[in-house]
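Those protein sequence lines, which keep their order, are chains W and D.
Read in order, the letters of the first sequence correspond to residues 1 to 481 in the numbering used here.
Read in order, the letters of the second sequence correspond to residues 1001 to 1481 in the numbering used here.
Taking it in order: structure first as structure tokens, then the write-up.
Number of protein chains: 2
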Amino acid sequence: MPPRPLDFESINENVKRAQYAVRGELYLRASELQKEGKKIIFTNVGNPHALGQRPLTFPRQVVALCQAPFLLEDPNVGLLFPADAIARAKHYLSMAPGGLGAYSDSRGIPGVRKEVAEFIQRRDGYPSDPELIYLTDGASKGVMQILSTIIRGQGDGILVPVPQYPLYSATIALHGGSLVPYYLEETENWGLDANDLRQAVSQARYKGITVRAMVIINPGNPTGQCLSEANLREILRFCYQENLVLLGDEVYQQNIYQDERPFVSSKKVLMDMGPPISRELQLVSFHTVSKGYWGECGQRGGYYEMTNIPPETVDEIYKVASVSLSPNVPAQIFMGLMVNPPKPGDISYDQYVRESKGILDSLRRRARLMTDGFNSCRNVVCNFTEGAMYSFPQIRLPPRAIEAAKQAGKVPDVFYCLKLLEATGISTVPGSGFGQKEGVFHLRTTILPAEEEMPAIMSSFKKFNDEFMEQYEDHRGYSRM
Amino acid sequence: MPPRPLDFESINENVKRAQYAVRGELYLRASELQKEGKKIIFTNVGNPHALGQRPLTFPRQVVALCQAPFLLEDPNVGLLFPADAIARAKHYLSMAPGGLGAYSDSRGIPGVRKEVAEFIQRRDGYPSDPELIYLTDGASKGVMQILSTIIRGQGDGILVPVPQYPLYSATIALHGGSLVPYYLEETENWGLDANDLRQAVSQARYKGITVRAMVIINPGNPTGQCLSEANLREILRFCYQENLVLLGDEVYQQNIYQDERPFVSSKKVLMDMGPPISRELQLVSFHTVSKGYWGECGQRGGYYEMTNIPPETVDEIYKVASVSLSPNVPAQIFMGLMVNPPKPGDISYDQYVRESKGILDSLRRRARLMTDGFNSCRNVVCNFTEGAMYSFPQIRLPPRAIEAAKQAGKVPDVFYCLKLLEATGISTVPGSGFGQKEGVFHLRTTILPAEEEMPAIMSSFKKFNDEFMEQYEDHRGYSRM
């Protein structure tokens, strides 16, 4: 029998080429162990609610009311819902004819897009046009929409940081483009250097690749750094010179754990630079309800804002969005609530502030606990997590551990992470899933386990790591031949 | 200045090639007119809630409680929610660690996938494996996942019915494949003929195209027909002989408006045929929460079931699904509720049956009202809408109308539909958006306007149409030269 169209040997090679380590071998092994009854601490994905973070009350009240609009006519509704949540539910239902069960416009509900534009304007101090804001089923879907519009084939290259969040490598592979890596410098706190960027572009050109876009992740995933304004200016200037679209993945903009380098958006820095660059450079910026102190990952809500993209292209993207009809409507409401939260004087304001501050303060403490914990371990060094939700420690594997990994047919950091998983139940992602320099090894973990469990997790990590190093380090040099 | 990467001339040509008439020129014009204050009846998209259909109460209660799980601890919850909705919300929350705010497994919540498998088994009388059921953000996203796995390039062809729902043509264009049309026979109540299929495949082969899959839409969109078991057997045998995957778009399986031809699933017919075909033919079947009497379009929930797809491919599809992390979780709960509705004896059972029967009976009456209405119009003929949500009347345009369209630079049926829109506010989709035989013209309308408004809509249509025909028909043959 010849292979059938969905037999492995006959499916699209781009599908096979795409790799997504965040849910790769380690995750699959962890799922197996969990089925066997082992307690697993899933730190492979930035999925705060799965690790016990509670949702913010006010937005959930509003969306519950939007799902069950008949409650709004119930005389008892005030016993379960505060008046401002009721008012806000009516506000969103008035914007969404047919309610949550009707497809919205494929770009999202106009009223919510307006709220997003107002948020951006408050944040950056520059006008934002709702017509250039598209709502999406999470930021990932937005990135895919834009990359599929840019990539025409193998000859098109996208500059992606290494280490990177594998959404980018996977999406580029799926669309048959070429990933052009640029390295973040670990010893410079994961900063990036415009000279390295230039070199990456020349090397790609030498291979016949047209570099068309550059991705930055700020704050960094998996690396946790916050880019300075000066660095952003340099990046924007570089993109302008090289005629690249800048894709600004800014989904962690609320997750900042130090005061020296607050988040600054690419859009603001671009506008600050003035014409001609501010009127010409093409920029797409992404945001989400999944991160921040919201962590509403399962709702799948996001947006992107397009800057200096001509109307014909904006219309083409609209057309493509319309093939999937509309982003899910409940998450559009979450987005509206995120960019337009309760205000001082609202009934729910104090609770909202208390809950969000509680989460953010705790994340800040956990970022510190985790990086300090890693730095106390043998052969482990870790930059401080300035922002985002991850620590990305370097694990200095002894040659004998690398050798043992080879024997086991595993990449060295996969070998280490699997041993860690089996010994402690901590499910991480090996650095090789994000890219790293040759011969250097890392792992990524989220900083999301509950604060009270953090000391036990870090000491269980330390115990495993130090024993692992003990086992594989070469104390007895004389015994080697 | 050279074109920038997101300028129109430099974006991916496949994006430009994709067409999606359901939200095309007519829809955009209708949106403009609405902004100007004109009353528009949007019958371009099967979007029942937007036209006033009310959501079923029980599922909305359950999902509202899942969104606001703190209500479950409130002593007053019983004043607003019945006990079975409360119990069911606890049931789904127990399956979804972290609740609606956490990413689920990328294939969907295991417990919901199990409920889907049980539903399929009850429906077809054959076992169904939850491991081969993937939940999606609506059926469209599922179709895209599968087509992107099948299509490797321009040389790969997909058999698609004409007229067809343009999701297929658009997705094939986006992935750079080739659409291979097969015609449904209007005079045979939109049936299909295996000989025509064979001819379509040979013609494609002659052009160097490898046909790899066949799409059927049953009940039909836009055509409304229900396929008989005999016809399905013929299709399955044809796919087996030609080594094609069958993609069964069965999203309208609950929408049946006659008793002679009930819905039968492709999976059941395949299993009835026995080995070897039942063990070898590759089939993917799609379903959704957007249609049926649910009409929960805005929630974006769907599933597909894979039959005879080998585990390696199932794993590859899992990997690709994992790049977007997970389908939205609230819609997964809707899917669970749709396949596992209240049972006799449950508190909410009577209400659930009353509501769903009310919707379905009314749709049946509207299908009749609409097709009868069309058939009473000059130069209009329309097959009865046996199922789905659409009528697809043929409009016999007089030569002078075709000439006038040409003068206006419009495709003839677009010309007609634009005039209809301007005169009556009825927003339809021209048949050319779905494909039709050369020189034959149609429009698609949903049967979804409120039943009480239907007579007025149909008489406003008739008035427009008959005047249009009057204007363009050539009564005075002598005056033509």
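Cβ atoms here follow ideal geometry from the backbone N, Cα and C, with glycine treated the same way.
Fair warning: this is a prediction, and the values are worked out from it, not measured in the lab.
- Not a single CB atom of chain W sits nearer than 8 angstroms to the CB of residue 1091 of chain D.
- Residue 1047 of chain D belongs to the set of residues whose beta carbon lies under 8 angstroms from a beta carbon in chain W.
- Classified as exposed, residue 1450 of chain D has fewer than 16 neighbouring CB atoms from the shown chains inside 10 Å of its CB.
- Neighbourhood of residue 1067 of chain D in chain W, by CB distance below 7 angstroms: 60, 63, 64, 67, in chain order.
- Residues of the stretch 1198 to 1219 of chain D with a C-beta less than 7 angstroms from any C-beta of chain W: 1212, 1213, listed in chain order.
- Using a Cβ distance threshold of 8 angstroms, residue 1044 of chain D and residue 1411 of chain D do not count as a contacting pair.
- Closest by C-alpha distance to residue 1423 of chain D, out of D:1272, D:1155, D:1200, D:1463, is D:1463.
- Per the DSSP secondary-structure output, residue 42 of chain W pairs in a beta bridge with W:427.
- Distance from the CA of residue 185 of chain W to the CA of residue 1309 of chain D, rounded to the nearest whole angstrom, comes to 44 angstroms.
- In this structure, DSSP gives residue 1446 of chain D an extended state, which the three-state scheme calls strand.
- Taken in chain order, the members of the stretch 169 to 180 of chain W whose beta-carbon sits within less than 9 angstroms of a beta-carbon on chain D are 170, 171, 174, 175, 176.
- Its Cα nearest to that of residue 395 of chain W, the residue W:445 stands out among W:409, W:328, W:445.
- Interface with chain W (8 angstroms Cβ-Cβ cutoff): residue 1151 of chain D is included.
- In the three-state DSSP reduction, residue 78 of chain W falls in the helix class (H, G or I).
- The C-beta of residue 103 of chain W comes closer than 8 angstroms to at least one C-beta of chain D.
- Taking the C-beta atoms as reference points, residue 1135 of chain D is found nearer than 8 angstroms to residue 1108 of chain D.
- Burial state of residue 1114 of chain D is buried, judged by a 10 Å Cβ sphere holding 16 or more other Cβ atoms.
- Judged by DSSP secondary structure, residue 24 of chain W falls outside any beta strand (DSSP E); it is assigned neither H nor E.
- A residue is called buried once 16 or more other Cβ atoms fall within 10 Å of its Cβ, and residue 195 of chain W, having fewer, is exposed.
- With at least 16 other beta carbons inside 10 angstroms of its own, residue 1405 of chain D counts as buried.
- The criterion of a C-beta distance shorter than 8 angstroms is not satisfied by residue 413 of chain W and residue 448 of chain W.
- In this structure, the beta-carbon distance from residue 1094 of chain D to residue 1332 of chain D does not fall below 8 angstroms.
- Contact of residue 316 of chain W with chain D by beta-carbon distance below 8 angstroms involves 1008, 1011, 1015, 1016.
- Rounded to whole angstroms, the gap between the alpha carbons of residue 1303 of chain D and residue 1151 of chain D is 20 angstroms.
- A distance of 8 angstroms or more separates the beta carbons of residue 458 of chain W and residue 363 of chain W.
- Nearest CB-CB separation between residue 1196 of chain D and chain W: not below the 8 angstroms threshold.
- Straight through space, the alpha carbons of residue 465 of chain W and residue 26 of chain W are spaced by roughly 17 angstroms.
- Restricting attention to D:1235, D:1059, D:1009, D:1295, the CA atom closest to the CA of residue 1336 of chain D is found in D:1059.
- Our two residues, residue 1086 of chain D and residue 1078 of chain D, have alpha carbons roughly 8 angstroms apart in a direct line.
- Annotated three-state conformation of residue 49 of chain W is helix, per DSSP.
- The Cβ atoms of residue 1240 of chain D and residue 1209 of chain D do not sit closer than 8 angstroms to each other.
- Apart from sequence neighbours up to five positions away, the residues of its chain that approach residue 1190 of chain D with a beta-carbon distance below 7 angstroms are 1184, 1220, 1223, 1225, 1383, ordered along the chain.
- Beta-bridge analysis with DSSP links residue 1214 of chain D to D:1159, D:1246.
- In summary, residue 470 of chain W is exposed, with fewer than 16 beta-carbon neighbours lying within 10 Å of its beta-carbon over all protein chains present.
- Pairing residue 1012 of chain D with residue 307 of chain W gives a Cβ-Cβ distance that is not under 8 angstroms.
- In the structure shown, the three-state DSSP call for residue 1223 of chain D is coil.
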